[in-house]
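Numbering (this note's numbering), first residue to last: -14 to 536. Contents: one structure, followed by commentary.
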RNA sequence: GGGCGCGUGGCCUAGCAUGGAUAGGGCGCUGGCCUUCUAAGUCAGUGAUCGCGGGUUCAAAUCCCGCCGCGCCCGCCA
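Following this line, the structure appears as structure tokens:
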């Protein structure tokens, strides 16, 4: 239910009946809510914009949707009636209608899909958080959403890991599996630097693994499976879960089957096959190899097989991908659509999280692991709330919520394609534009409602304070924000809005006493606080952040 | 070299898709506000040639062209 559209439509209806049909725009607050710039009309009407605006304002019909319509410097400004707004908005929120969107289609969101060669680091986590939040937003928007992780157990990286497991002896301690096994991977790469022959041995592992070599499958089950368990555990700590894990090795046969379907676009070279991207209208690369001359498949082919698998299950597919995948994605999409022309495939690209000293790399051990970030954040939160008289269990619970809130918000609050540099002091900031700020605001609202008993009745005409109106106007934007985030595939829009809304509530909180307000006003404010609480809780949920009643 | 993305106060960031009225926030720094619903809050001050140069327009951070800087991609890796 889009609330502002009701007012926008009314403004445009009034303009039309005044003889000046057109679109209104959002106005800066000091001028009103909607504005109609008259400059473009000046030429055709042979009048100055100022006169046109004045004429409209003088002749326009009155409406109880607007408390004021006036002309200022060539603009016609409309100011929404607070009473009308309060009535529509509060009812929409409190009856839950504001959260309802049209039922849409099935969507698969694939995210993270990190190589299972070691623990998850913060660089990769941006992918996970964007994907997870995107999934939540699409679900809220009415889609039936399924979240996928594509487990890359076939490629060279995993072959390196397995080579390491077989050939390098490492003292294992009691660390979690992902931390234990990554050492084989790192050691194998060190070995590869010294020994150029290793490349061949790894190719042999790839070949045998693809053909289902039992010993290698067994090893992969233990080591790749173990690392995956670690990654899943790390992600679970920050509220991320998946509906389906698709193992790449399970798609090798399917990958071989689809090769002939692409035959018109494929050429052979020494027994290897590649797609001619130029012929497909894709710039940046000529030959995309799909099949090695030794008879093993290459990642692009397996990826097409996977996308075909997904396209058969859902009309719409969204991949969350690092910026390095742009060309690959274009190619995959074209090739997929040759096989299945009605497949709808979209990508949500993001830039890497770097360290001040450069790109994160598991191979080189230059990383900040997600678990370390979570641990640090928890320690810092614990330090802040340890003397607030919470019981042990509650303290741990709040600590966890706030720490995760800080991390998730920090990463989600930036436009996805903007490069990010990880800095501890920023990631662990709990003040200002941060997750804990919003959670704290939620706790304040909860605290008010906890202290009163209220029948649920209220009178919207009791609206009296500008801060009440401001808060309502922002609440009324909720449906537009969700629609934008869902259609533009941009979770950060939700993060920005959540912060703005919380900040607005804090101003209301400062200026408008609720519990001590006189009868009538008090009930109206209860309703407003309750509405804010509902909406901000939903927004936090879309960001994967829990809303603490106390903190 | 070609392609894609990013460039906004000391630092981080919104606005750019759909051009409009003094470019919003946050961090930092300075100074206020707890006898009233949680001070993880709030108020005031500080600080911006919107990378550079042209063009289009009544109007450009926003659109177009050229250039510069940074990142990413251009592999029988994934």
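By construction, the Cβ of each residue, glycine as well, lies at the ideal position given by its N, Cα and C atoms. The structure presented is a predicted model; accordingly, all values stated were derived computationally and were not measured.
What three-state label does DSSP hand residue 345 in the structure shown? coil
With DSSP as the reference, label residue 64 as helix, strand or coil. In the structure shown, residue 64 adopts extended strand secondary structure according to DSSP, grouped into three states.
C-beta atoms of residue 136 and residue 233 nearer than 8 Å: yes
Using only the alpha-carbon positions, how far apart do residue 499 and residue 486 sit? 18 Å
Exposure label - residue 249; buried when at least 16 CB within 10 Å: exposed
Close beta carbons around residue 74, own chain, < 6 Å, minus the five adjacent residues each side: Excluding sequence neighbours, residue 74 sits near -12, 457, 460 and 461.
Where the beta strand (DSSP E) through residue 20 begins and ends: 19 to 22
Whole-angstrom distance between residue 344 and residue 261, CA atom to CA atom: 32 Å
Return the chain-ordered list of same chain residues with a C-beta closer than 8 Å to the C-beta of residue 224, the five sequence neighbours on each side being excluded. 117, 389, 393, 529, 530 and 531
Go to residue 526, then tell me how far its alpha helix (DSSP H) extends in each direction, as first and last residue. 506 to 527
Do residue 95 and residue 305 have their beta-carbon atoms positioned less than 8 Å apart in this structure? yes
Coarse secondary structure for residue 405, derived from DSSP in three states: strand
Based on Cα-Cα distance, which residue from 81, -4, 37 and 32 lies nearest to residue 46? -4
Just to confirm the assignment: which complete alpha helix (DSSP H) runs, minimum length 4, are found wholly within the stretch 227 to 308? 237 to 243 and 284 to 296
Determine the extent of the alpha helix (DSSP H) in which residue 395 is found, giving its start and end residues. 377 to 397
By the 10 Å Cβ neighbour count, where 16 or more other Cβ atoms means buried, how is residue 230 classified, buried or exposed? exposed
If you drop the 5 nearest sequence neighbours on each side, which residues of the same chain put their C-beta closer than 8 Å to that of residue 443? 75, 508, 509, 511 and 512
Cβ-Cβ distance between residue 358 and residue 107 below 8 Å: yes
I'd like the list of long-range same chain contacts for residue 123, defined as Cβ closer than 6 Å, with 5 residues on each side in sequence excluded. 92, 130 and 471
Start-end ranges of the alpha helix (DSSP H) lying completely within the stretch 186 to 235, minimum 4 residues: 199 to 222
Assuming residue 463 contacts residue -9 (C-beta within less than 8 Å), just tell me the rounded distance between them. Incorrect: roughly 14 Å between the Cβ atoms, too far for contact.
Rounded to the nearest angstrom, what separates residue 188 and residue 157 at their Cα positions? 27 Å
Do you know how far the Cα of residue 454 is from the Cα of residue 54? 17 Å
Proximal residues to residue 293 (C-beta, below 7 Å), its chain only, five neighbours per side dropped: Result list for residue 293: 243, 321, 324 and 325, in chain order.
On a Cα-Cα basis, can you pick out the residue from 68, 127, 445 and 72 that is closest to residue 90? 127
Would you identify the three-state DSSP class for residue 137, choosing helix, strand or coil? Note: residue 137 maps to coil in three-state DSSP.
Of the listed residues 414, 400 and 408, nearest to residue 387 (C-alpha basis): Among 414, 400 and 408, the Cα nearest to that of residue 387 belongs to 414.
At which residue ranges does the stretch 458 to 511 contain complete alpha helix (DSSP H) runs of 4 or more residues, listed in the order of the chain? 463 to 472 and 477 to 496
Could you tell me if residue 228 is buried or exposed, where buried requires 16 or more neighbouring beta carbons within 10 angstroms of its beta carbon? exposed
Residue closest to residue 399, alpha-carbon to alpha-carbon, out of 335, 272, 66 and 408: Comparing Cα-Cα distances from residue 399 to each of 335, 272, 66 and 408, the minimum goes to 335.
Is residue 313 helix, strand or coil when you go by DSSP? Helix at residue 313.
Should residue 482 and residue 429 be called a contact, given that it needs their Cβ atoms to be closer than 8 Å? no
I need the straight-line Cα distance from residue 183 to residue 175, nearest angstrom please. 11 Å
Which residue wins for smallest C-alpha separation from residue 537, given the options 139, 289 and 535? Because the chain in this structure spans residues -14 to 536, residue 537 falls outside the shown range and cannot be described.
Counterpart residues of residue 351 in DSSP-defined beta bridges: DSSP output for residue 351 lists 346 as bridge partner(s).
Rounded to a whole number of angstroms, what is the C-alpha to C-alpha distance between residue 87 and residue 171? Roughly 49 Å between the two C-alpha positions.
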